[in-house]
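Numbering (the working numbering), first residue to last: 4 to 271.
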């Protein structure tokens, strides 16, 4: 008998590659509060290969002084043709109901597909990629297509936004240019008694065209920190960007509907 994943989980898996392509913030288990997986430029970047360790840490302050802290680590890479790879172990949320789940996110603009690989089930969820223009993101644009560290689509709140430059940072091993974005929600805008002020600090490597460090502070959600370490600006192993042998590939249907599509392609 064929095993089917719950539709809610399939829908979440379908959304994850698209979020990685956009560079939208996704927290552990698919929540909106962290920066990764997929905190990358929304445009195709070629000729700038790298690999690194990624860390995504979230600290939430609760009433009474209690705190919730979650930290995930993983590996990220990109080859000279613009293929991207990210592996992360999910420890919370619907994808980890039966224990930690190791997921791998592959975006292959050459073949025109992105994949979510579940190492526990040996499955690969395949989603078509829209064509992207090669090159860096437009000048002044942020990694999320809006204010860096801002909320995901659907959570816009009409806040006023201001920016300022930060000193260059080399703590990650590469020189990165920094910006601070301050978002202010006026008193009464969303039922708030006082103004709500949140800040995001983002450092971007102009050579690699990636965010190497980002810190977001929001009094509603706490602090999220995204950082890369052990950055190596060399061509990564080509096998990272292929679906491993023995995996079952399931296609997403057109128009974003999840579920089995046509016949799966052979694993590479």
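Every residue gets a Cβ at the ideal spot worked out from N, C-alpha and C, and that includes glycine. Here the structure is a predicted model, which means the values were calculated and not measured.
Over the uninterrupted beta strand (DSSP E) stretch that includes residue i, give me the two end residues.
{"i": "residue 212", "result": "No beta strand (DSSP E) holds residue 212; DSSP gives it neither H nor E."}
{"i": "residue 120", "result": "116–121"}
{"i": "residue 182", "result": "179–188"}
{"i": "residue 131", "result": "126–131"}
{"i": "residue 231", "result": "225–235"}
{"i": "residue 193", "result": "Where residue 193 is concerned, there is no enclosing beta strand (DSSP E), given that its DSSP letter is neither H nor E."}
{"i": "residue 175", "result": "Run containing residue 175: none; DSSP gives neither H nor E here."}
{"i": "residue 63", "result": "53–64"}
{"i": "residue 90", "result": "87–93"}
{"i": "residue 207", "result": "199–208"}
{"i": "residue 110", "result": "104–111"}
{"i": "residue 253", "result": "251–254"}
{"i": "residue 68", "result": "Per DSSP, residue 68 belongs to no beta strand (DSSP E) and is neither H nor E."}
Check the C-beta distance from residue i over to residue j and give it rounded, since I have them as a contact under 8 Å.
{"i": "residue 206", "j": "residue 180", "result": "7 Å"}
{"i": "residue 201", "j": "residue 222", "result": "7 Å"}
{"i": "residue 62", "j": "residue 70", "result": "6 Å"}
{"i": "residue 215", "j": "residue 175", "result": "5 Å"}
{"i": "residue 235", "j": "residue 88", "result": "The pair is not a contact, with the Cβ atoms about 13 Å apart (cut-off 8 Å)."}
{"i": "residue 243", "j": "residue 127", "result": "Their Cβ separation, rounded to whole angstroms, is 14 Å, which puts residue 243 and residue 127 out of contact at 8 Å."}
{"i": "residue 85", "j": "residue 132", "result": "Rounded, the Cβ-Cβ distance is 11 Å, inconsistent with contact."}
Using the C-alpha atoms, what's the distance from residue j back to residue i?
{"i": "residue 217", "j": "residue 111", "result": "25 Å"}
{"i": "residue 64", "j": "residue 198", "result": "19 Å"}
{"i": "residue 102", "j": "residue 92", "result": "10 Å"}
{"i": "residue 230", "j": "residue 250", "result": "30 Å"}
{"i": "residue 226", "j": "residue 186", "result": "14 Å"}
{"i": "residue 113", "j": "residue 189", "result": "45 Å"}
{"i": "residue 191", "j": "residue 161", "result": "12 Å"}
{"i": "residue 49", "j": "residue 173", "result": "23 Å"}
{"i": "residue 115", "j": "residue 60", "result": "31 Å"}
{"i": "residue 66", "j": "residue 74", "result": "21 Å"}
{"i": "residue 90", "j": "residue 123", "result": "13 Å"}
{"i": "residue 51", "j": "residue 58", "result": "21 Å"}
{"i": "residue 253", "j": "residue 232", "result": "33 Å"}
{"i": "residue 104", "j": "residue 219", "result": "26 Å"}
{"i": "residue 255", "j": "residue 121", "result": "15 Å"}
{"i": "residue 166", "j": "residue 248", "result": "47 Å"}
{"i": "residue 237", "j": "residue 78", "result": "15 Å"}
{"i": "residue 195", "j": "residue 163", "result": "15 Å"}
{"i": "residue 119", "j": "residue 212", "result": "23 Å"}
{"i": "residue 193", "j": "residue 125", "result": "44 Å"}
{"i": "residue 241", "j": "residue 208", "result": "23 Å"}
{"i": "residue 246", "j": "residue 130", "result": "13 Å"}
Does the beta-carbon of residue i have 16 or more other beta-carbons within 10 angstroms, so that it is buried, or is it exposed?
{"i": "residue 109", "result": "buried"}
{"i": "residue 72", "result": "exposed"}
{"i": "residue 210", "result": "exposed"}
{"i": "residue 239", "result": "buried"}
{"i": "residue 117", "result": "buried"}
{"i": "residue 204", "result": "buried"}
{"i": "residue 168", "result": "exposed"}
{"i": "residue 177", "result": "buried"}
{"i": "residue 83", "result": "exposed"}
{"i": "residue 107", "result": "buried"}
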